[in-house]
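S.K.:
Numbering (mature numbering (1 follows the signal peptide of the UniProt record, and there is no 0)), first residue to last: -21 to -1, 1 to 378.
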């Protein structure tokens, strides 16, 4: 009984202290934000806060207007995604959204210039899935350079008799678009040519042409005409990233994460310059930043839910078991938090570290409704009549 009271008191204290807690995203004693942008490890601001030079962030400015720059590739950062709340067993590649310049042809009079983007040798590459290639101009044949033997690009022109889809923004009239850019692309340069073969030696008639890679989701949500990109000096593009196994820090981190119970890691089968790379996420059923200790779904989730039963189980397991229990890696309920992929006709059933989609049990119940026939009450009525007549006869006899 005493032990139970101590446990309850301890639970109350813990609930009070951790009610506002959240899983860590940065290393201890390191800044986790730059303006409105979260900076999760392996990225970091300041010495000993990032994994290696590739993930160093410099924060310029103060308050909400501060801007983050990824110094290794000299690009402004708009968003960093760890992608660790996967509700399936599929690996989802982490990304970072950065600002990149638009590439202009030599006949343009805009402040931009023909800037080649080169991130070769870095752990970053342009996302094949998230980005699209757009080019604007008349008599325009725009092709991504340095991807031989592949050829990738698009064509646009300004002829009035061109047949184009009116509902499509870049269907070929002054603007063209090609999705599914080459995978693992680390350089971006564009060759502008003429659609007219007679002008093929040059960029054609002296038209201003420009091209860019852009985040497809951003381009769709912005609802802007891509042909107005001439006024945009920079556009957001998505880079996929992984951690290169090139130094002691990355090797130590990988071996540390490999042994974590609630972390799943993927090591690439592609050898880049004799170095492999990896990325991790919290195992299905958990979420947070897997690269920091205790980053996969904090205990505060259970506290905020008032789930005292799960907390008590965790403490009892910790006290009675020889196996270490990480209180920051307790299971989340994918069914309650809508993190499941169960179809509408299936019921979600939460399990340890995952969930199941079960066939919905029928709620139809057979109900037998009883009824009493009209003749069911007849015996009762007959008995009443007989009793009344007997009573009358008895009274007459007395008289």
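Glycine included, each C-beta is placed from N, C-alpha and C at the ideal position.
Measure the C-alpha to C-alpha separation of residue 199 and residue 213 and round it to an integer number of angstroms.
M.R.: Roughly 16 Å separates the two Cα atoms.
S.K.: Please return the same chain residues whose Cβ sits closer than 8 Å to the Cβ of residue 258, not counting the five positions on each side in sequence.
M.R.: Taken in chain order, the residues that qualify are 70, 72, 73, 220, 221, 222, 244 and 245.
S.K.: So, with DSSP's three-state summary, where would you put residue 185?
M.R.: Three-state DSSP puts residue 185 in coil, outside helix and strand.
S.K.: Of the residues 247, 236, 256 and 255, which one's Cα is nearest the Cα of residue 275?
M.R.: Nearest option by C-alpha distance: 236.
S.K.: Taking the beta carbon of residue 228 as the centre, do at least 16 other beta carbons fall within 10 Å, making it buried, or is it exposed?
M.R.: Under this definition residue 228 is an exposed residue.
S.K.: Residues in its own chain within less than 6 Å of residue 39 by CB, not counting five upstream and five downstream?
M.R.: Excluding residues within five positions, the ones whose Cβ falls inside 6 Å are 46.
S.K.: For residue 185, count the other beta carbons within 10 Å of its own beta carbon; 16 or more makes it buried, fewer makes it exposed. Which is it?
M.R.: That one is exposed.
S.K.: Quick one: give me the first and last residue of the beta strand (DSSP E) that residue 33 is part of.
M.R.: That residue, residue 33, is in no beta strand (DSSP E); it is neither H nor E in DSSP.
S.K.: In its own chain, which residues sit with a C-beta less than 6 Å from the C-beta of residue 240, not counting the 5 before and 5 after it?
M.R.: If we look at residue 240 and ignore the five residues flanking it on each side, it has no Cβ neighbours.
S.K.: If we call anything under 8 Å between Cβ atoms a contact, is residue 118 one with residue 140?
M.R.: Not in contact: residue 118 and residue 140 (Cβ atoms no closer than 8 Å).
S.K.: Quick check: residue 62 and residue 166, are their CB atoms within less than 8 Å of each other?
M.R.: No.
S.K.: Given residue 255, which residues of its chain have a CB within under 7 Å of its CB, disregarding the five upstream and five downstream residues?
M.R.: Closer than 7 Å at the Cβ level, and outside the excluded window around residue 255, lie 224, 246 and 247.
S.K.: Which residues in the same chain have their Cβ closer than 8 Å to the Cβ of residue 301, if we skip the five residues on either side of it in sequence?
M.R.: Its pLDDT being 40, under 50, residue 301 is placed unreliably in this model, and the value from its coordinates should be taken loosely. Here the set comprises nothing.
S.K.: In whole angstroms, what is the alpha-carbon distance linking residue 51 and residue 22?
M.R.: Computed Cα separation, rounded: 11 Å.
S.K.: Just the C-alpha distance for residue 36 and residue 49, rounded to the nearest angstrom, thanks.
M.R.: Cα to Cα, the separation comes out at about 5 Å.
S.K.: For residue 28, does the three-state DSSP call read helix, strand or coil?
M.R.: Coil, per DSSP.
S.K.: Under three-state DSSP, which class holds residue 104?
M.R.: Strand, per DSSP.
S.K.: Give the range of the alpha helix (DSSP H) segment to which residue 198 is assigned.
M.R.: Residue 198 -> alpha helix (DSSP H) spans 195 to 201.
S.K.: Considering residue 54, what are the terminal residues of the alpha helix (DSSP H) in which it resides?
M.R.: Run containing residue 54: none in the alpha helix (DSSP H); it sits in the beta strand (DSSP E), 54 to 60.
S.K.: Report the rounded CA-to-CA distance for residue 231 versus residue 31, giving the unit in angstroms.
M.R.: Straight-line Cα distance between these residues: approximately 12 Å.
S.K.: How is residue 230 classed by DSSP in three states: helix, strand or coil?
M.R.: It is helical.
S.K.: Under the three-state reduction of DSSP, which class applies to residue 84: helix, strand or coil?
M.R.: DSSP places residue 84 in coil when its eight states are reduced to three.
S.K.: Quick check on the burial criterion: 16 or more other C-beta atoms within 10 angstroms. Buried or exposed for residue 114?
M.R.: It is buried - the Cβ of residue 114 has at least 16 other Cβ atoms within 10 Å.
S.K.: Tell me the DSSP secondary structure of residue 2 in three-state form.
M.R.: DSSP places residue 2 in coil when its eight states are reduced to three.
S.K.: For residue 94, is the classification buried or exposed, using 16 other Cβ atoms within 10 angstroms of its Cβ as the cut-off for buried?
M.R.: Residue 94 comes out exposed.
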